[in-house]
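Numbering (the working numbering), first residue to last: 108 to 412. Note that beta-carbon positions come from the ideal geometry of N, C-alpha and C, so glycine has one too. Model, not experiment: these values are computed from the prediction. To start, the structure itself, in structure tokens.
Here it is, written out as structure tokens:
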């Protein structure tokens, strides 16, 4: 078992880099879920590099994280339309036939299939390019060859738990920011409370998305720490993953509603019925409220220290 914090980090990064490279040929073959798995590797790498940057070469970390963000966004251009299409397909399938007007299903499919196809082309182009090859080479150097600073030699368990605690505090700050915004500056009520400023607009949605990103970072930090920090880190990873999943469904609803509003506007301008888009939009609002309610429940169980 590693005794130094830097070794814990580089072991985790090496593991995720290996998986990233394993997924590459599967993505090229368009194997189901491979884009998602490769994107998760990129996100884990980027997140843990942020958490442990003081234990690594700070300059190298900044540049590599920027490139990992680029790769994640490219992979997302193929993955995200598929997720939204599946979501809206399920909603449409549960609609009574009498309430589906016009070519809504065909338009939704056309829009998202086109976006997904363009995303897959962009992914293949990226994987064939020098930028991706350079990123992989720099990651390999980062986990095998770059000298680590003195801080990296500190106790693995103690240091990793401190890093996890720091990321947990970051989640709490994001929730506090969300609560203050929702309550017009008062932190008295819990997250999602309808305060004087309201919370149905994009600012509140963006705040929930920030909480989700912070929870994701905490999850990956805790997963990296688990080999040396044991049950405490594993429990934190579970709580963070739960928040991430719930708020991921909320964010999917935000994206779906934006698409439905756009398609409905286009239908109106072309003289077609926008009724079905409006129906789906309203149902997505209900699902978003449900996700936020689940988030409030999960947040009550989140560790406070």
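Between the CA atoms of residue j and residue i - distance to the nearest angstrom
| i | j | result |
| --- | --- | --- |
| residue 209 | residue 377 | 12 Å |
| residue 319 | residue 178 | 20 Å |
| residue 316 | residue 175 | 19 Å |
| residue 112 | residue 331 | 10 Å |
| residue 153 | residue 122 | 13 Å |
| residue 323 | residue 334 | 18 Å |
| residue 280 | residue 138 | 39 Å |
| residue 284 | residue 314 | 8 Å |
| residue 127 | residue 136 | 15 Å |
| residue 76 | residue 267 | Here the chain has residues from 108 to 412 only, and residue 76 is not among them. |
| residue 299 | residue 214 | Only weak support is given to the placement of residue 299: the predicted model assigns it a pLDDT of 43, under 50, and the value that follows is read from those uncertain coordinates. If I take the Cα positions, the gap works out to 33 Å. |
| residue 187 | residue 273 | 30 Å |
| residue 391 | residue 359 | 9 Å |
| residue 241 | residue 247 | 10 Å |
| residue 150 | residue 373 | 35 Å |
| residue 329 | residue 341 | 6 Å |
| residue 134 | residue 125 | 15 Å |
| residue 219 | residue 401 | 28 Å |
| residue 196 | residue 357 | 17 Å |
| residue 189 | residue 369 | 18 Å |
| residue 255 | residue 398 | 42 Å |
| residue 365 | residue 379 | 19 Å |
| residue 129 | residue 204 | 44 Å |
Beta-bridge pairing of residue i - partner residues as DSSP gives them
| i | result |
| --- | --- |
| residue 111 | 262 |
Own chain, CB closer than 6 Å to residue i, minus 5 neighbours either side, in chain order
| i | result |
| --- | --- |
| residue 367 | 384, 387 and 388 |
| residue 233 | 181 and 239 |
| residue 361 | 312 |
| residue 156 | 168 and 172 |
| residue 336 | 264, 267 and 268 |
Endpoints, alpha helix (DSSP H) assigned at residue i
| i | result |
| --- | --- |
| residue 375 | 309-376 |
| residue 402 | 382-407 |
| residue 179 | 165-200 |
| residue 240 | 237-251 |
| residue 156 | 141-158 |
| residue 207 | Residue 207 -> no alpha helix (DSSP H), and no H or E assigned at all. |
| residue 232 | 211-234 |
Counted within 10 angstroms of its Cβ, other Cβ atoms place residue i as buried (16 or more) or exposed
| i | result |
| --- | --- |
| residue 171 | buried |
| residue 353 | buried |
| residue 371 | buried |
| residue 148 | buried |
| residue 309 | exposed |
| residue 166 | exposed |
| residue 193 | exposed |
| residue 206 | exposed |
| residue 201 | exposed |
| residue 381 | buried |
| residue 221 | exposed |
| residue 286 | buried |
| residue 363 | buried |
| residue 393 | exposed |
| residue 244 | exposed |
| residue 395 | buried |
| residue 211 | buried |
| residue 321 | buried |
Same chain, Cβ closer than 7 Å to residue i, neighbours up to 5 away in sequence not counted
| i | result |
| --- | --- |
| residue 326 | 344, 347, 348 and 351 |
| residue 159 | 116 and 270 |
| residue 118 | 109 |
| residue 338 | none |
| residue 375 | 381 |
| residue 305 | Residue placement at residue 305 cannot be trusted, given a pLDDT of 35 that sits under 50; what the coordinates show is reported in the next sentence. None. |
Contact with chain C by residue i, beta-carbon distance below 8 Å
| i | result |
| --- | --- |
| residue 239 | Here chain C cannot be found, since the structure has a single protein chain. |
Own chain, CB closer than 8 Å to residue i, minus 5 neighbours either side, in chain order
| i | result |
| --- | --- |
| residue 259 | 111, 112, 113, 114, 116, 162 and 163 |
| residue 131 | 145 and 234 |
| residue 405 | 346, 349, 350 and 353 |
| residue 185 | 142, 223, 226, 227, 229 and 230 |
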